[in-house]
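Participant: Pasting a structure here, questions to come.
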Amino acid sequence: MKPGSTLIRHYLQFKDLRAEEYAHLFERVAIIKRRFKNYERYQPLADRTLAMIFEKASTRTRVSFEAGMYQMGGSVVHLTTGDSQLGRAEPIEDSARVISRMVDIVMIRTFEQTKIERFAAHSRVPVINGLTNEFHPCQILADLFTFIEAHGMNRRGIVDVDCLKGRVVAWVGDGNNMANTWLQAAEILGFTVHVSTPSGYEVDAKVAGIQNSDCYKVFKNPLDACRGADLVTTDVWTSMGYEAENDARRAAFADWCVDAEMMGVAKPDALFMHCLPAHRGEEVSAEVIDGPQSVVWDEAENRMHVQKALMEYLLLGRIG
Ligand code: CP
Ligand code: NVA
93 MKPGSTLIRH YLQFKDLRAE EYAHLFERVA IIKRRFKNYE RYQPLADRTL AMIFEKASTR
153 TRVSFEAGMY QMGGSVVHLT TGDSQLGRAE PIEDSARVIS RMVDIVMIRT FEQTKIERFA
213 AHSRVPVING LTNEFHPCQI LADLFTFIEA HGMNRRGIVD VDCLKGRVVA WVGDGNNMAN
273 TWLQAAEILG FTVHVSTPSG YEVDAKVAGI QNSDCYKVFK NPLDACRGAD LVTTDVWTSM
333 GYEAENDARR AAFADWCVDA EMMGVAKPDA LFMHCLPAHR GEEVSAEVID GPQSVVWDEA
393 ENRMHVQKAL MEYLLLGRIG
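Taking the working numbering, the leading residue of the sequence shown gets 93, the next gets one more, and so forth.
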């Protein structure tokens, strides 16, 4: 495939797929997860190779992509800035041209979104965003599937994506890559995000890349954002790459800790999610993250199942 070909599908941000493609993807996730749980072999990606490029640290993203690719019959190559020419200023375009001649699909975790876009523009194979400063679409994919498992799956495992419609997701904390991606998901799948951030850390609709500001509402007080929510979610106060702001952020975010009081004003069956890693006592209390409404371990596991379905879709198209 030639770089820039319209036949190559990349997943650089959540809005790269349409609502009906998400409906298909979530059905595939349910099937793929069920096969995994039943120890059924499913190896449609035999002889395919995934290159994973990490310019920032990771536990979940690395393990979920690597284990997922092996389970589907393929193999992986793991590169970091420190052990490749990426850290010695080889242009990203040249890296894309070379790497994409040797592998079938690429996952990148990096800093600016423009970097992954430049890579994708010169890649012969699909590129997946494994987190940038602006977006984290694979995580939201996992979070949405986790919500569907709780509210939109019947006994026979049939997925109802419409269970997301009209729901309220409360975002408490930084207007960061996770928040931006939630906004894109809300716009595409028809729910609303109640956003509460400290002043100076607001979401920016332009950066989030949304057209319609109806998909979110801003609240000064995080407690108000949580009122009546179906899902309460947060993230670290300081994302990777922003460590120099740590002290200022600690002071600014002190009141943005998801605690029992916040969960208490959400719906009685509200879920708590966190992409992890988490800092108990900072953005979330131990009582909440380790409590009965928390689904953080399901979220983490679901990273692997959703990414297997995503790789299947990008490489093989619609199955079934
Ligand atoms: N949630 C997430 O992406 O975790 P890692 O940073 O460990 O990959
Ligand atoms: N917002 C966090 C997410 C980590 C998975 C970060 O970018 O560091």
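Glycine included, every Cβ here is placed at the ideal spot set by N, Cα and C. Please read these numbers as outputs of a predicted model, since none were measured by experiment.
Under three-state DSSP, which class holds H228?
Facilitator: If DSSP states are grouped into helix, strand and coil, H228 belongs with coil.
Participant: Is the beta carbon of T284 less than 9 Å from the beta carbon of A271?
Facilitator: Their beta carbons are not under 9 Å apart, which means T284 does not touch A271 by this criterion.
Participant: Heavy atom of the ligand NVA less than 8 Å from the Cβ of G333, yes or no?
Facilitator: Yes - the ligand NVA has a heavy atom lying nearer than 8 Å to the Cβ of G333.
Participant: What are the boundary residues of the alpha helix (DSSP H) that F128 is part of?
Facilitator: Per DSSP, F128 belongs to the alpha helix (DSSP H) from A111 to K129.
Participant: Distance check for T224 and L190, CA to CA, integer angstroms please.
Facilitator: Reading off the sequence, residue 190 comes out as Val, not Leu. Cα-Cα distance, rounded: 22 Å.
Participant: Could you spell out the range, first to last residue, of the alpha helix (DSSP H) harbouring M37?
Facilitator: The structure shown has nothing for residue 37, since the chain only spans 93 to 412.
Participant: With I200 and G222 assumed to form a contact (beta carbons below 8 Å), what rounded beta-carbon distance in angstroms separates them?
Facilitator: I200 to G222, Cβ: 6 Å. Contact.
Participant: In this structure, does DSSP put K298 in helix, strand or coil?
Facilitator: In the structure shown, K298 sits in a helix (DSSP, three-state: H, G or I).
Participant: Check this for me: beta carbons of L402 and Y103, under 9 Å apart or not?
Facilitator: Contact flag set, yes.
Participant: I'd like to confirm the pairing. Which residues does DSSP put opposite T284 in its beta bridges?
Facilitator: DSSP lists V260 as partners of T284.
Participant: Could you tell me whether the Cβ atoms of I197 and R140 are closer together than 9 Å?
Facilitator: Against a cut-off of 9 Å, the Cβ pair of R140 and I197 comes out as a contact.
Participant: Say the cut is 8 Å; is the CB of T151 nearer than that to a heavy atom of the ligand CP?
Facilitator: Yes, the ligand CP has a heavy atom inside 8 Å of this Cβ.
Participant: What does DSSP give as the partner residues of L363 in its beta bridges?
Facilitator: Note: L363 sits in a beta bridge opposite L323.
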